[in-house]
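Numbering (our numbering), first residue to last: 152 to 283. In this text, a Cβ means the ideal position worked out from N, Cα and C, and glycines have one as well. Note that this is a predicted model, so its numbers are computed, not measured. All remarks here apply to the structure that follows.
See the structure below:
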């Protein structure tokens with residue numbers, strides 16, 4: 152069964168298509184996406200509108216892959232989290248910014264949402280998206 156046809160696709164078909172492609176997307180995201188790309192307002196996605204969705208998904212995937220690469224560069228010990236000292240070294244090395252201990256504490260307080268003393272990839276991604 153083809154995931155994308157040349158005929159219009161409704162919400163249920165689109166959800167099924169994403170599922171068949173292995174793309175996880177929640178209902179709210181899917182509804183927002185449909186509303187944004189449904190240019191003719193008929194509640195269905197035609198081929199042209201589907202291409203718009205696929206281009207967006209590709210850009211988001213590429214962006215996430217690039218973020219992961221940056222995260223892994225900063226995660227010197229490879230434990231899948233960035234410590235305060237790793238972040239401080241990265242700021243100095245890549246941004247030529249010397250940060251005091253007080254400034255580091257403030258940064259960690261803003262970025263370390265679960266207060267475990269480390270920055271996870273999810274926290275890193277959320278933080279980066281705030282500055283877009």
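Quick check: what's the CA-CA separation for residue i versus residue j?
i           : j           : result
residue 165 : residue 272 : 29 Å
residue 252 : residue 216 : 31 Å
residue 187 : residue 266 : 36 Å
residue 212 : residue 225 : 20 Å
residue 228 : residue 210 : 29 Å
residue 178 : residue 249 : 43 Å
Start and end of the alpha helix (DSSP H) containing residue i?
i           : result
residue 212 : 198 to 225
residue 172 : No alpha helix (DSSP H) holds residue 172; DSSP gives it neither H nor E.
residue 190 : That residue, residue 190, is in no alpha helix (DSSP H); it is neither H nor E in DSSP.
Kindly list the residues whose CB is nearer than 8 Å to the CB of residue i, restricted to its own chain and excluding five residues on each side of it in sequence; keep chain order.
i           : result
residue 263 : 269, 270 and 274
Less than 6 Å between C-beta atoms, sequence neighbours within five positions excluded: which residues of the same chain meet that for residue i?
i           : result
residue 232 : 269 and 271
residue 255 : 235 and 239
residue 241 : 225
Identify, in the order they occur along the chain, each residue of the same chain with its Cβ nearer than 7 Å to the Cβ of residue i, setting aside the five sequence neighbours on each side.
i           : result
residue 200 : 188, 189 and 190
residue 245 : none
Relative to the C-alpha of residue i, which residue among the options is closest?
i           : options               : result
residue 260 : 219, 218, 235 and 167 : 235
residue 185 : 176, 195 and 177      : 195
residue 239 : 179, 228 and 258      : 258
residue 284 : 228, 208, 249 and 244 : Given that the chain is displayed from residue 152 to residue 283, the structure contains no residue 284 and the question cannot be resolved.
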